[in-house]
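The structure appears right after this line, and notes come after that.
Listed below in structure tokens is the structure:
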């Protein structure tokens with residue numbers, strides 16, 4: 001049985017929007033981080049859906065790139081969060097407002 | 102020997118380098134000897150070249166020696182080159198000779214001064230510049246010397262720069278001279294524009310093709326003459342010279358009496374070819390000269406500072422020289438320049454000797470009766486005074502009489518009349534100075550001041566100059582053909598007026614007797630007023646208080662210049678500073694900064710520092726852009 005591409009896309013968009021909402025409204029940096037991962041994976045899903053639809057492997061190739069980069073990003077991002085926690089004793093972004101001058 | 106003409110300016114320059122660089126660590130004696138020897142060597146080289154020049158036939162006495170090409174830029178070619186001809190050799194002799202004597206004198210006069218080495222370095226630099234000025238073979242090199250002497254004049258007037266009046270006087274001299282230099286420069290531009298060269302020989306050869314009265318030549322000579330009025334302290338630019346007396350007295354003698362201030366006369370004589378082509382300029386030169394002669398002389402009558410009397414006398418005598426040039430008697434002008442160098446240097450050195458002996462007192466009202474304390478100074482001073490008054494057979498008699506004669510014989514009766522009155526006044530104020538200083542009762546405080554004769558290093562130059570003032574005029578003996586060696590020697594270097602003046606001998610003798618009678622009358626009046634009846638001057642001044650006040654305050658010219666030129670300039674600059682610069686220019690710069698700052702103070706409120714706000718902004722942006730791309 002063939003799953004239509006619109007199903008892929010609908011799920012992908014739903015996941016992406018959930019991720020965006022998570023990034024925008026959650027306070028905990030770790031949760032924001034997980035939301036970002038969710039956005040990345042929603043994009044991966046869209047890639048795979050299109051790869052299947054167009055019968056081309058380019059999309060699947062991109063997914064591997066995204067996975068690789070996401071892995072590296074997780075390593076760096078988690079390290080940053082740990083560093084922030086050590087430094088300031090919290091990972092709630094409400095308290096991290098020193099970006100302004 | 103002529104190939105070594107470059108040695109003449111080189112020696113003083115070396116002296117300047119040595120004294121200027123290491124003079125501080127040398128003993129004063131050595132500094133003085135180096136300074137004097139450098140100039141003395143120049144004098145010896147000049148004498149050797151002079152003797153060599155004399156051996157040449159009269160029409161071959163003009164030699165150019167190119168040292169190297171200085172500027173070569175297309176048609177603009179300037180060399181460092183020297184022109185040896187009768188005019189420059191006379192100037193070289195006078196400058197290096199008088200300079201040597203004054204250097205020697207300075208050793209004694211300046212011995213106690215802190216800046217002894219600095220003084221000699223400046224003085225040597227001055228001699229270097231002056232020798233360059235008079236021996237240059239083109240206008241530009243002459244201008245280098247011209248500016249060089251101006252610089253040294255500034256440095257030496259302000260030599261005692263801790264004194265405000267001295268540094269002010271230096272500044273004034275420099276600024277006033279710049280006005281004149283501006284004229285000189287314009288003249289040079291015109292010359293190069295017209296003739297395509299700055300070389301004296303090329304320019305004068307090309308100028309000969311122009312008709313008499315040609316407009317362009319009139320313009321360039323007037324510009325050059327403006328330069329001369331600045332350097333030679335003529336109306337309207339004379340005001341710096343009396344103030345220049347703030348410098349050490351030997352400096353006044355050398356720079357502000359004998360040499361530098363005569364540069365303008367020399368320049369006019371050098372450009373005689375151009376000036377005879379411009380009758381209007383000649384009239385201007387003569388008029389300015391005659392007016393300055395009598396104008397400065399009247400001021401000289403009412404001054405009490407001995408050096409200021411001499412300063413106004415210098416201005417007046419320079420007026421005579423310009424008068425001579427203006428009536429076409431360039432040789433007489435140069436002759437008077439030479440004799441004036443002798444007797445005026447002597448007068449200044451004599452006054453320096455008096456000031457030295459009086460421990461710095463310059464006011465003649467506090468002197469009197471110095472004759473018996475300083476006999477050498479007195480007698481040499483008398484010789485110089487007789488010379489400047491024009492008494493036979495002293496040097497000034499011959500030169501001044503020649504000028505008066507040429508003015509009269511050339512038909513310039515008005516100028517002659519003015520010059521004759523000025524001669525009367527000259528004799529009067531000079532003897533007034535002598536009587537007030539050396540005769541009469543001793544008006545100084547005997548407990549404070551012990552007048553004494555000066556040391557030999559100062560007395561010997563006085564005596565040498567005294568001898569020159571006594572016999573220096575004989576080289577230009579008039580009337581008898583062939584005895585006026587000076588004129589015959591100088592003539593090839595000067596372009597004469599078209600109509601040469603020839604007058605019978607009896608006429609010339611009458612003129613002489615008359616001018617001498619005028620001088621004697623001046624002396625007699627001075628004798629009456631300051632020796633016989635010392636109460637008379639006060640009575641006379643009391644009768645004409647307005648006139649006396651006017652003359653005593655130098656016709657308020659300094660005040661007028663202040664009000665008419667200096668103050669408006671100052672106010673204009675104040676306006677440009679506070680009004681234009683601070684308000685407009687700074688306002689634009691600061692205003693743009695303030696505007697950006699004001700905008701930023703509002704925009705910064707967008708920067709909350711919360712990452713999520715930024716993320717939201719990014720999202721909104723992405724949605725908007727995507728929406729636009731899809732919806733169009």
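Residue numbers (the working numbering), protein chains in the order written: chain A, 1 to 101; chain B, 102 to 733.
The beta-carbon is built from N, C-alpha and C at its ideal position, and this holds for glycine as well.
The CB of residue 24 (chain A) comes closer than 8 Å to the CB of 713, 716, 717, 720 in chain B, given here in chain order. By the Cβ rule, the segment 464-479 of chain B counts as touching the segment 542-558 of chain B, because three or more pairs are nearer than 8 Å.
For residue 172 (chain B), the uninterrupted beta strand (DSSP E) run begins and ends at 164-174, by DSSP. Excluding its 5 nearest sequence neighbours in each direction, residue 392 (chain B) has C-beta neighbours in its own chain below 8 Å: 336, 420, 519, listed in chain order. Against residue 97 (chain A), the close residues of chain B are 709, 710, 711, in the order they occur along the chain (beta-carbon pairs closer than 8 Å).
For residue 713 (chain B), the enclosing alpha helix (DSSP H) starts and ends at 712-732.
For residue 32 (chain A), the nearest CB of chain B lies under 9 Å from its own CB, placing it at the interface with that chain.
In the DSSP assignment, residue 267 (chain B) falls within the unbroken alpha helix (DSSP H) covering 265-296. Contact annotation: residue 222 (chain B) and residue 112 (chain B) have beta-carbon atoms that are not nearer than 9 Å. For residue 187 (chain B), the closest of B:211, B:152, B:142, B:646 by C-alpha to C-alpha distance is B:152.
Counting only Cβ-Cβ distances below 7 Å, residue 20 (chain A) has contacts in chain B at 720, in chain order.
Uninterrupted beta strand (DSSP E) stretches at least 3 residues long and entirely within the segment 587-629 of chain B do not occur. Taking the CA atoms as reference points, residue 126 (chain B) sits about 59 Å from residue 510 (chain B). Nearest C-alpha to residue 48 (chain A) among A:11, A:78, A:77, A:90: A:11. Counted as a single uninterrupted DSSP element, the beta strand (DSSP E) harbouring residue 180 (chain B) occupies residues 177-185. Put simply, the backbone Cα of residue 133 (chain B) is about 30 Å away from that of residue 473 (chain B). Residue 10 (chain A) is bridged by DSSP to nothing; it lacks a bridge partner. Note on the segment 491-515 of chain B: whole alpha helix (DSSP H) runs with a minimum of 4 residues are 496-510, in chain order. In this structure, the alpha-carbon of residue 401 (chain B) lies about 36 Å from that of residue 605 (chain B).
When beta bridges are read from the DSSP output, residue 237 (chain B) appears opposite B:183. Around the beta carbon of residue 559 (chain B), 16 or more other beta carbons lie within 10 angstroms, which makes this residue buried. Within 7 Å of the CB of residue 93 (chain A), the CB atoms of chain B belong to 711, 712, 713, in sequence order along the chain. Here the segment 523-532 of chain B makes no contact with the segment 170-180 of chain B; the two share fewer than three CB pairs at distances below 8 Å.
Here the alpha carbon of residue 98 (chain A) sits roughly 6 Å from the alpha carbon of residue 710 (chain B). Linking residue 309 (chain B) to residue 230 (chain B) through their CA atoms gives a straight-line distance of about 30 Å.
Contact between residue 180 (chain B) and residue 235 (chain B) is ruled out by a C-beta separation of about 17 Å, above the 8 Å threshold.
Distances from the alpha-carbon of residue 547 (chain B) to those of B:616, B:575, B:571, B:471 put B:471 closest. Under the three-state reduction of DSSP, residue 311 (chain B) is assigned to coil, being neither helix nor strand.
Of the other Cβ atoms in all chains shown, 16 or more fall within 10 Å of the Cβ of residue 349 (chain B); this residue is therefore buried.
In this structure, the straight-line span from the alpha carbon of residue 707 (chain B) to that of residue 72 (chain A) is close to 32 Å.
Between residue 269 (chain B) and residue 344 (chain B), the C-beta spacing is below 9 Å. A distance below 9 Å separates the beta carbons of residue 167 (chain B) and residue 182 (chain B). Around residue 114 (chain B), the same chain offers 229 as residues with beta carbons nearer than 7 Å, after the five sequence neighbours per side are excluded. Per the DSSP secondary-structure output, residue 585 (chain B) pairs in a beta bridge with B:577. Following the DSSP letters along the chain, one finds residue 153 (chain B) inside the alpha helix (DSSP H) bounded by residues 129-156.
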